[in-house]
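K.L.:
Be aware that the sequence shown starts at 0, since it is given in numbering that gives the first Met the number 0, and climbs by one per residue. Take a look at this one; I'll ask things after.
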Amino acid sequence: MDAVGEGFAMGFRKWIGGLVLVLLIIRPGLGGSQELADLDYDKLSFRGVGIEWGKLYPTRVDQAESYGIRIDLGYLGPGLRILPGVSYWTSPLTTREIVRLEDRVATLVQSQTDGHQPVVDLGMIEWRDISFSLDGQVVWEVPLDFLTFAGLGVAAHVLNGEGAAINGTFIEDLLDSVTAGFNLHAGLEYPVTNWFRIYGLGRYEVLGDLQYFNTRFGVQVMIGDNAPGEERGR
Numbered sequence: 000m001d002a003v004g005e006g007f008a009m010g011f012r013k014w015i016g017g018l019v020l021v022l023l024i025i026r027p028g029l030g031g032s033q034e035l036a037d038l039d040y041d042k043l044s045f046r047g048v049g050i051e052w053g054k055l056y057p058t059r060v061d062q063a064e065s066y067g068i069r070i071d072l073g074y075l076g077p078g079l080r081i082l083p084g085v086s087y088w089t090s091p092l093t094t095r096e097i098v099r100l101e102d103r104v105a106t107l108v109q110s111q112t113d114g115h116q117p118v119v120d121l122g123m124i125e126w127r128d129i130s131f132s133l134d135g136q137v138v139w140e141v142p143l144d145f146l147t148f149a150g151l152g153v154a155a156h157v158l159n160g161e162g163a164a165i166n167g168t169f170i171e172d173l174l175d176s177v178t179a180g181f182n183l184h185a186g187l188e189y190p191v192t193n194w195f196r197i198y199g200l201g202r203y204e205v206l207g208d209l210q211y212f213n214t215r216f217g218v219q220v221m222i223g224d225n226a227p228g229e230e231r232g233r
């Protein structure tokens, strides 16, 4: 492995180690005497891929649909599953948020010109987000062959604002950013067969001054082996 590959692997392990440490602190009974040093990174391998659709309930933009892909890397230790993912949503800023921006611009112009406060019309402003996440989940089996999971994750959000009146202005610069975020989530998963499963979850995401609750529903195709307790015999 070259230096770049080794650096990426080390960084990936640090992110995973941090997630697992927090999970063990939240639920100390999960791992018993298990320590981070005992976790086997070699167990992580591509097991399957899921496609998600969801509904977003945010604070600064209108409700919107979300789309995503999750990668199942399997279990780092007993009951500790690792899932990288990518998600996307786009939505216009709320009327209240646009009015707030218009007031800020009008006040700024007035302070620079010492004149009357101008009327500012920013029109519609669209905000887009592409996020790259890494989730750690505690998974356990419940009756009726369901799997329950709960966990947390970290993400890098690439935000982009667009609008006819703001293109090329400082307002667009304010809305365009790469922001770190974190989430808490929980859900149910049902392995229909050994190679196909369906799932749903609720997810609360925080990134700077934007927060949202996200419901997601997805299907996953399994390529690798199922873990003990996940097999369906078909």
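Don't be surprised by glycine CBs; every beta carbon is placed ideally from N, CA and C. No experiment lies behind these values; they were computed from the predicted model shown.
Can you check whether the CB of Gly-199 is closer than 7 angstroms to the CB of Phe-216?
P.N.:
Stepping through the sequence shown from its first residue, residue 216 is reached at position 217. Stepping through the sequence shown from its first residue, residue 199 is reached at position 200. Yes, the pair counts as a contact, with Cβ atoms nearer than the cut-off.
K.L.:
Given a threshold of 16 other Cβ atoms within 10 Å of its Cβ, counted over all protein chains shown, does Val-60 qualify as buried or as exposed?
P.N.:
Your numbering for residue 60 matches position 61 in the sequence shown. Result: buried.
K.L.:
Tell me the residue span of the alpha helix (DSSP H) that contains Arg-292.
P.N.:
With the chain covering 0 to 233 only, the question about residue 292 has no answer from this structure.
K.L.:
With 16 other CB atoms within 10 Å as the buried threshold, where does Gly-56 fall?
P.N.:
Your numbering for residue 56 matches position 57 in the sequence shown. The identity of residue 56 in the sequence shown is Tyr, whereas the question assumes Gly. By the neighbour-count rule (16 or more Cβ atoms within 10 Å), Tyr-56 is not buried but exposed.
K.L.:
Residues in its own chain within less than 8 angstroms of Phe-266 by CB, not counting five upstream and five downstream?
P.N.:
Because the chain is modelled from 0 through 233, residue 266 falls outside the range shown and cannot be assessed.
K.L.:
DSSP three-state label for Phe-45, please.
P.N.:
Working through the sequence shown from its first residue, we reach residue 45 at position 46. Here Phe-45 sits in coil by DSSP.
K.L.:
Residues bridged to Glu-188 by DSSP?
P.N.:
Stepping through the sequence shown from its first residue, residue 188 is reached at position 189. Glu-188 is bridged to Leu-146, Tyr-198.
K.L.:
To the nearest angstrom, report how far apart Gly-76 and Val-177 are at their CA atoms.
P.N.:
As a working mapping, residue 76 is identified with position 77 in the sequence shown. As a working mapping, residue 177 is identified with position 178 in the sequence shown. Rounded to the nearest angstrom, the two C-alpha atoms are 32 angstroms apart.
K.L.:
Below 8 angstroms on the Cβ atoms is my contact criterion, and I expect Gly-150 with Asp-134 to pass it. Report the Cβ-Cβ distance as a whole number of Å.
P.N.:
Sequence index remark: in the sequence shown, residue 150 carries index 151 (1-based). Sequence index remark: in the sequence shown, residue 134 carries index 135 (1-based). At roughly 6 angstroms, the Cβ-Cβ gap stays under 8 angstroms, so Gly-150 and Asp-134 are in contact.
K.L.:
With DSSP run on the structure shown, which of helix, strand or coil describes Val-141?
P.N.:
In the sequence shown, the residue the question calls residue 141 occupies position 142. Val-141 falls in the strand class under three-state DSSP.
K.L.:
Decide if Gly-114 is buried, meaning its Cβ has at least 16 other Cβ atoms within 10 Å, or exposed.
P.N.:
The count along the sequence shown starts at 1 and reaches residue 114 at position 115. Result: exposed.
K.L.:
Between Leu-72 and Arg-46, how many whole angstroms is the CB-CB distance? I'm expecting something under 8 angstroms.
P.N.:
As a working mapping, residue 72 is identified with position 73 in the sequence shown. As a working mapping, residue 46 is identified with position 47 in the sequence shown. The pair is a contact, with the Cβ atoms about 7 angstroms apart (cut-off 8 angstroms).
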